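Only one structure is covered here, and it is reproduced in the block below.
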Amino acid sequence: MSFVKNLQQVQERTVHITTNRATRSLAESRLILAALQKFGEVVHFRNATLFRTNNKHLQDLMTKGENLSTQTARKCDGADFGIYAMFDTPLAARNALDSSPLHVDLSPLSPQARNDATNPDAASVDATAEVNTDTGAHSNIECTIKQDPVDHLETMSRNPYYGPFVQETDHPVYKDLIKQLDEKLYGLADTPSASKKPGNPKKTKSTQESIRRLRAASLMRLWWLGQGPRAERNSTEEQATEASKRQGELERTLGDLPLEKMIEEKVRELQAEREEKEKQNNG
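Per our numbering, the sequence shown runs over residues 646 to 928.
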């Protein structure tokens, strides 16, 4: 199944439930869950009212609501917090929507558990619920079931982890990676996340220019530049070693006579031959 079709099915399986009053205990929330399970298996159930009372920052919001208007204070008190439920199949969600409004009977709860919001263990009795025409606030909770208002496709489109990312083609890491990857795998040439943090554009540009001026934009290029002079030095040393070896071989061939003395003697012989020729010409 494709990603888009999967999100569409999630939205079809999810319902949003609002109650005529906020649930006062975990036992009441379990009764609502039991009533929804008549339509099909509920794979996810989240009561935002209980979520509010278990989070300190939302409790602080409720305290600040005492100084607000009456309507805003009611929202902070939890009356407008809803319940999100996800069924196993879209058919079960449609059956739940058709049965709205749903009246959940609170008679299985004892009076103490019904009034005590801080006693979740009192809901150990079997949670049973039925459609009841009695609308008394003390004996049942009216649940209005609506379609999930969350647009999952739009939400995912704003999530950077579920979409394409922009590659920094000027980054040295990217340039080095594409030299080692196949053309079909260029998409894997990503740069470190630390380099993607926003910063001052002028400072970033000056830093990159300084790196290029020092020939440090690419570690691989810096290594290849160092290989050239190293190879030249090695070649010069090899040539000098080879010349010294040849000179040594020549000296060994001529005996103990050094090369300089041999040259001097050769020069003397040439000078003597020249003098003899001059004497013969003069005579």
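For each residue, glycine too, the CB sits at the ideal point set by N, CA and C.
These numbers were taken from a predicted model, which means no experiment stands behind them.
The Cβ neighbour count for Glu686, taken over all protein chains shown within 10 Å, is under 16; the residue is labelled exposed.
Note on geometry: alpha-carbon atoms of Ser889 and Lys911 lie some 22 angstroms from one another. Linking Val795 to Ala693 through their CA atoms gives a straight-line distance of about 15 angstroms.
Among the bridge pairs identified by DSSP, Met731 is matched with Thr659 and His689.
If only complete runs of 4 or more residues are kept, the region 782-833 shows the alpha helix (DSSP H) at 797-802 and 817-825, in order along the chain. DSSP lists Cys788 as the bridge partner or partners of Leu747.
With the rule of 3 Cβ pairs closer than 8 angstroms, the region 654-668 counts as touching the region 727-734. Here Thr664 carries a strand assignment [DSSP, helix/strand/coil]. Here the alpha carbon of Ser752 sits roughly 33 angstroms from the alpha carbon of Val655. Under a 10 Å Cβ-count criterion, Ser670 is classified as buried, with 16 or more other Cβ atoms of the shown protein chains found around its own Cβ.
In the three-state scheme derived from DSSP, where H, G and I count as helix and E and B as strand, Ser851 is classed as helix.
Per the coordinates, the alpha-carbon of Ala738 lies some 22 angstroms from the alpha-carbon of Met801. Under the 10 Å beta carbon count, Glu909 is surrounded by fewer than 16 other beta carbons and is classified as exposed.
Rounded to the nearest whole angstrom, the CA to CA distance from Ile823 to Lys791 is 51 angstroms.
For Ser674, the enclosing alpha helix (DSSP H) stretches over residues Leu671 to Leu681. Short of 6 angstroms from the beta carbon of Leu652, and not among the five residues preceding or following it, lie these beta carbons of its own chain, in chain order: His797 and Leu798. Rounded to the nearest whole angstrom, the CA to CA distance from Arg913 to Trp868 is 56 angstroms.
When the beta-carbon positions are compared, Arg658 and Phe732 come within less than 8 angstroms of each other. Around the C-beta of Ile856, fewer than 16 other C-beta atoms lie within 10 Å, and the residue is accordingly described as exposed.
The closest CA to that of His748, considering only Phe690, Glu854, Lys683 and Gln853, is found on Lys683. Pairing Ser744 with Thr789 gives a Cβ-Cβ distance that is not under 8 angstroms. In this structure Glu923 is exposed. Its beta-carbon is surrounded by fewer than 16 other beta-carbon atoms within 10 angstroms.
When only Cα atoms are considered, Ala834 and Ala741 end up about 49 angstroms apart. Residue environment for Leu681: buried (at least 16 other C-beta atoms within 10 angstroms of its C-beta). Apart from the 5 residues on each side of it in sequence, Leu826 sits with its Cβ closer than 8 angstroms to the Cβ of Leu833 and Ala834 in its chain, given in chain order.
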